[in-house]
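> For reference, the structure I am asking about is given below.
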Amino acid sequence: MSTPKRAIFATSLLLAMTVGASWAETPHLGKPIDEAAIANWDISILPDGTGLPKGSGTPAQGAPIFAEKCAACHGDNGKGGGAAAALVDDRQINGISASNKTIKNFWPYATTIFDFVRRAMPFQMPRTLTDDEVYALTAYILAENKLIGANDVMNAETLPKVKMPNRDNFIIRFPDRI
Amino acid sequence: MARSKDRDVRDKTLEAVAGNGLIDRRALLGRGMLFAGAMSAGVGPAAAGAEPLTDDPWSLEVGEPMSPYQVPSKFEAKVKRTLSNPNNEPRNSHARTPHHLLEGTTTPNGLHFTINHGGVPTIDPDKHRLVIHGLVKQPLEFTLETLSRYPLTSRVSFLECGGNSAPMFSPEPMQETVQALHGLVSCAEWTGVKLSTLLEETGIDPKAKWLIAEGADSPHLSRSVPVKKALDDAMIALYQNGERLMPGNGYPMRLLLPGYEGNMNVKFLRRIKLVEQPQLSMYEARTYSQILPNGKAYRFYFLQEVKSFITYPSYGMALKGPGLYEISGIAYSGTGRIEKVMVSADGGQSWAQAALQEPVLSKAFTRFRMPWRWNGGPATLQSRAWDEAGNVQPTRAEFVAARGELTKPPPVLGFANQHYNSITSWGVANGGEVKHVYA
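Protein chains in written order, with the working numbering: chain A, 1 to 178; chain B, 179 to 617.
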């Protein structure tokens, strides 16, 4: 526990409490809840890896899971042809059409793959994959796109370090609104 | 006779405010009074040969019983949303608002556009929870019941998908209705609790610059929102046009971020986490980042910029002969109020200022109207809006110069790019048929 951090936090709260009488006038009907009780819902992964759970997976572990649970929509080996987008694709950005966006040529952070797969996939059965399975599928997709080596292990340490090719090609549209 | 002479003068000078038949609204009102005067003097149109009026069947029998929740007349069955995925296949689905069949500024709840990424969830409002946590002093959990006991506030706000008007990126004007082109924007009165009130109760760590909003739908859709916006005018919306939110619009509660792209207004809201850095969720890292002509891409576009389009007349309609028409359309800006709307009937060679229906509200639909005497010849109708911050809706040429266009027409339901807000042009042909044109 860093004392200065806590001190700053306490000061800012004090400030918030002293600004305006509205503090006392709101209903205060929210029920206090511990972070531990929220943990099962707290599935947000930040680009620096914050939020990544324990566990790990390799491309080899991901391949059979992909074939069983993902290929029906994303095609064999993620190459497309089904109802959902291809995940493994060598096409280039060409003009302004979003139809050419791929994980390899557009997605800026590999953590986004883990985050999205864990929260939303498989489409018909979200939140049924274990964390190890999500790591394995993420590793498989990255390796098939040649963004990591065939034997690389993905975990909370290695995944945020994957360098995505398009990372530096974004422009914040309205910086003053952030 | 003197009056009629005055009227001729008015016709030639005061009435015409721009080329190809645009008429000054005040002159039109004045002319109406003259008509009334003329009629009282017995100089109305000849009435010879008119059929005598009789009672129709519905005037001679008792009508139907009322329904507990009434729906529109069966004769209005064509006024409905168009669905991109009617069979709920495993992909996203869109329902577009039929602006060409509506008037005023309020989108009826049943016709409000919706986009869902994993079907419409059936949420038990008694079991739904909203938690606020992360960089706060005290994480809190709210129910619909407890939120309903907070001070409520109402505001009218438009909501627009960042991908609305995407068919306009086509290099050729796509022959589609205003519903197909611009149907992913709607406007409603939203009532709920200001997010700042709840954040006051949780307390905010000053390190928190963003919040991650997440839904209870199957994709657990999540977006990052600057705390700056959360403390400005964000709302946890519970009611839509006076009744609880429609299921497709986020029942039982959603985030409302007036003026910001629809996808950020997270529906079925169940979690808000305050964080230092944005999440770069799939929707912000991929879907809502827009490729630019130079190969780079915009991120965090957020704002739905000033825009307008004419809803009447518009593509697919046919004018029935020369005479007086009222051009009508919608204008809005995510920055604030609409300042003015200019209308042209000659493809932008001359412009006249349209009347704005009061009240003109910030970040809400503003209805504009413009009297027009169609002479039966070709006309190109356009509208162009300005907002109170001085932002002006770009011409198509200006927009394309900055943002580019596609090399071939895209699928009309596709989203090749986003945040399109240039002028829309409707071409009226000699016979009165209305086409979509670029001008």
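In this text, a Cβ means the ideal position worked out from N, Cα and C, and glycines have one as well.
Per DSSP, what kind of secondary structure is residue 357(B) in: helix, strand or coil?
Here residue 357(B) refers to the residue found at position 179 of the second sequence. Helix, per DSSP.
> Please tell me whether residue 105(A) has its Cβ less than 7 Å away from any Cβ of chain B.
The residue labelled residue 105(A) in the question sits at position 105 within the first sequence. False, the Cβ-Cβ gap to chain B never drops below 7 Å.
> Closest to residue 82(A) by CA distance: which of 94(A), 95(A), 92(A), 67(A) is it?
Taking the first sequence and counting its residues from 1, the one referred to as residue 82(A) is at position 82. With distances taken between Cα atoms, residue 82(A) lies closest to 67(A).
> For residue 90(A), which three-state DSSP category applies?
The sequence position of residue 90(A) within the first sequence is 90, counting from 1. Coil at residue 90(A), not helix or strand.
> Taking residue 514(B) as the query, report the chain A residues whose CB atoms sit under 8 Å from its CB, ordered along the chain.
The residue labelled residue 514(B) in the question sits at position 336 within the second sequence. None at all; the shortest Cβ gap to chain A is about 14 Å.
> Determine the closest residue to residue 29(A) out of 326(B), 255(B), 284(B), with distance taken between C-alpha atoms.
Here residue 29(A) corresponds to residue number 29 of the first sequence, with the count starting at 1. Residue 29(A) has its Cα closest to that of 326(B), out of 326(B), 255(B), 284(B).
> Do the stretch 255 to 269 of chain B and the stretch 326 to 341 of chain B meet, that is, are 3 or more Cβ pairs less than 8 Å apart?
Short answer: they don't touch.
> Determine whether the Cβ of residue 126(A) lies closer than 7 Å to any Cβ atom of chain B.
Mapped onto the first sequence, residue 126(A) falls at position 126. With 7 Å as the cut-off, residue 126(A) counts as an interface residue toward chain B.
> Using the C-alpha atoms, what's the distance from residue 563(B) back to residue 518(B)?
Looking up residue 518(B) in the second sequence gives position 340. Looking up residue 563(B) in the second sequence gives position 385. C-alpha separation (whole angstroms): 6 Å.
> Interface residues of chain B around residue 109(A) at Cβ under 8 Å?
Taking the first sequence and counting its residues from 1, the one referred to as residue 109(A) is at position 109. Ordered by position in chain B, the residues that pass the 8 Å Cβ test against residue 109(A) are 458, 463.
> I'd like to know if residue 26(A) contacts chain B, where contact means its C-beta is closer than 7 Å to some C-beta of that chain.
By one-based count along the first sequence, residue 26(A) stands at place 26. It does; some Cβ of chain B falls within 7 Å.
> Take every Cβ of the stretch 115 to 127 of chain A, pair it with every Cβ of the stretch 365 to 375 of chain B, and state whether three or more of those distances are shorter than 8 Å.
Too few Cβ pairs lie closer than 8 Å, so no.
> With distances taken from CA atoms, which of 247(B), 392(B), 466(B), 317(B) is nearest residue 449(B)?
Start at 1 with the first residue of the second sequence, and residue 449(B) comes out as number 271. Looking at the Cα atoms, 392(B) is the closest of the given residues.
> Return helix, strand or coil for residue 599(B), following the three-state DSSP convention.
As a working note, residue 599(B) is residue 421 in the second sequence. Correct three-state label for residue 599(B): coil.
> Whole angstroms are fine: how far does the CA of residue 405(B) sit from the CA of residue 19(A)?
Mapped onto the first sequence, residue 19(A) falls at position 19. Mapped onto the second sequence, residue 405(B) falls at position 227. With a pLDDT of only 44 at residue 19(A), under 50, the local geometry of the prediction cannot be trusted, and no value is derived from it.
> With a CB to CB cut of under 6 Å and the five nearest residues on each side skipped, what residues in its chain are close to residue 471(B)?
Start at 1 with the first residue of the second sequence, and residue 471(B) comes out as number 293. 582, listed in sequence order.
> In terms of alpha-carbon separation, which member of 365(B), 379(B), 397(B) lies closest to residue 120(A)?
Counting from one through the first sequence, the residue named residue 120(A) turns up at place 120. Ranking the options by Cα distance to residue 120(A), first place goes to 397(B).
> Would you check if the stretch 361 to 370 of chain B and the stretch 287 to 300 of chain B touch, i.e. whether three or more CB-CB distances between them fall below 8 Å?
In short, these stretches touch, since the Cβ pair count reaches three.
> Kindly indicate if chain B contains any beta-carbon less than 7 Å away from that of residue 98(A).
In the first sequence, counting from the first residue as 1, residue 98(A) sits at position 98. Chain B, which has a Cβ nearer than 7 Å to the Cβ of residue 98(A), makes this yes.
> Please list, in chain order, the chain A residues whose beta carbon lies closer than 7 Å to that of residue 590(B).
Taking the first residue of the second sequence as position 1, residue 590(B) is located at position 412. Those within 7 Å of residue 590(B) in chain A number zero; the least Cβ separation is about 14 Å.
> By a C-beta neighbour count over all protein chains shown, 10 Å radius and 16 as the cutoff for buried, is residue 174(A) buried or exposed?
The sequence position of residue 174(A) within the first sequence is 174, counting from 1. Its Cβ having fewer than 16 others within 10 Å, residue 174(A) is exposed.
> I'd like to know whether the C-beta atoms of residue 49(A) and residue 132(A) end up nearer to each other than 7 Å.
In the first sequence, the residue the question calls residue 49(A) occupies position 49. In the first sequence, the residue the question calls residue 132(A) occupies position 132. For residue 49(A) and residue 132(A), no; Cβs fall outside 7 Å.
> Using DSSP's beta-bridge definition, name the partner residues of residue 392(B).
Along the second sequence, read from residue 1 onward, the residue named residue 392(B) stands at position 214. BP columns for residue 392(B) point to 400(B), 449(B).
> Between the beta-carbon of residue 356(B) and the beta-carbon of residue 489(B), is there less than 7 Å?
Start at 1 with the first residue of the second sequence, and residue 356(B) comes out as number 178. Start at 1 with the first residue of the second sequence, and residue 489(B) comes out as number 311. For residue 356(B) and residue 489(B), yes; Cβs fall inside 7 Å.
> Pull up the distance between the alpha-carbon of residue 329(B) and that of residue 417(B), whole angstroms please.
Along the second sequence, one-based indexing puts residue 329(B) at 151. Along the second sequence, one-based indexing puts residue 417(B) at 239. So the two alpha carbons sit approximately 13 Å from each other.
> State yes or no: is the beta carbon of residue 160(A) nearer than 7 Å to at least one beta carbon in chain B?
For the purposes of this step, residue 160(A) is taken as the residue at position 160 of the first sequence. It does not: the Cβ of residue 160(A) has no partner Cβ on chain B nearer than 7 Å.
> Name the one or two DSSP bridge partners that residue 335(B) has.
Residue 335(B) sits at position 157 when you count from the first residue of the second sequence. 366(B), per the DSSP bridge assignment.
> I'd like to know whether the C-beta atoms of residue 561(B) and residue 506(B) end up nearer to each other than 7 Å.
Residue 561(B) sits at position 383 when you count from the first residue of the second sequence. Residue 506(B) sits at position 328 when you count from the first residue of the second sequence. Result no, Cβ atoms of residue 561(B) and residue 506(B) do not sit closer than 7 Å.
> Put residue 607(B) into one of helix, strand or coil per three-state DSSP.
By 1-based counting over the second sequence, the position of residue 607(B) is 429. DSSP places residue 607(B) in coil when its eight states are reduced to three.
> Name the chain B residues whose beta carbon is nearer than 8 Å to that of residue 38(A)?
Mapped onto the first sequence, residue 38(A) falls at position 38. Those within 8 Å of residue 38(A) in chain B are 309, 311, 317, 449.
> Taking the alpha carbon of residue 143(A) as the reference point, which residue from 104(A), 51(A), 45(A), 129(A) has its own alpha carbon closest?
Translated into the one-based positions of the first sequence, residue 143(A) becomes position 143. Taking only the C-alpha atoms, the option nearest residue 143(A) is 104(A).
> Might you give, ordered along the chain, the residues of its own chain that have their beta carbon closer than 7 Å to the beta carbon of residue 203(B), omitting 5 neighbours on each side?
The residue labelled residue 203(B) in the question sits at position 25 within the second sequence. Answer for residue 203(B): 533, 549, listed in chain order.
> Which residues bound the alpha helix (DSSP H) around residue 43(A)?
Counting from one through the first sequence, the residue named residue 43(A) turns up at place 43. Counting along the chain, residue 43(A) falls outside any alpha helix (DSSP H), and DSSP gives it neither H nor E.
> Going by C-alpha to C-alpha distance, which of 159(A), 166(A), 169(A) sits closest to residue 51(A)?
Indexing the first sequence from 1 puts residue 51(A) at position 51. Measuring from the Cα of residue 51(A), the nearest candidate turns out to be 159(A).
> Residues of the stretch 405 to 434 of chain B with a CB closer than 8 Å to any CB of chain A: list them in chain order, please.
Listed in sequence order: 406, 407.
> Here's the rule: buried if 16 or more other CB atoms are within 10 angstroms of the residue's CB, otherwise exposed. What is residue 612(B)?
By one-based count along the second sequence, residue 612(B) stands at place 434. Classification of residue 612(B): buried, given that the 10 Å Cβ count is 16 or more.
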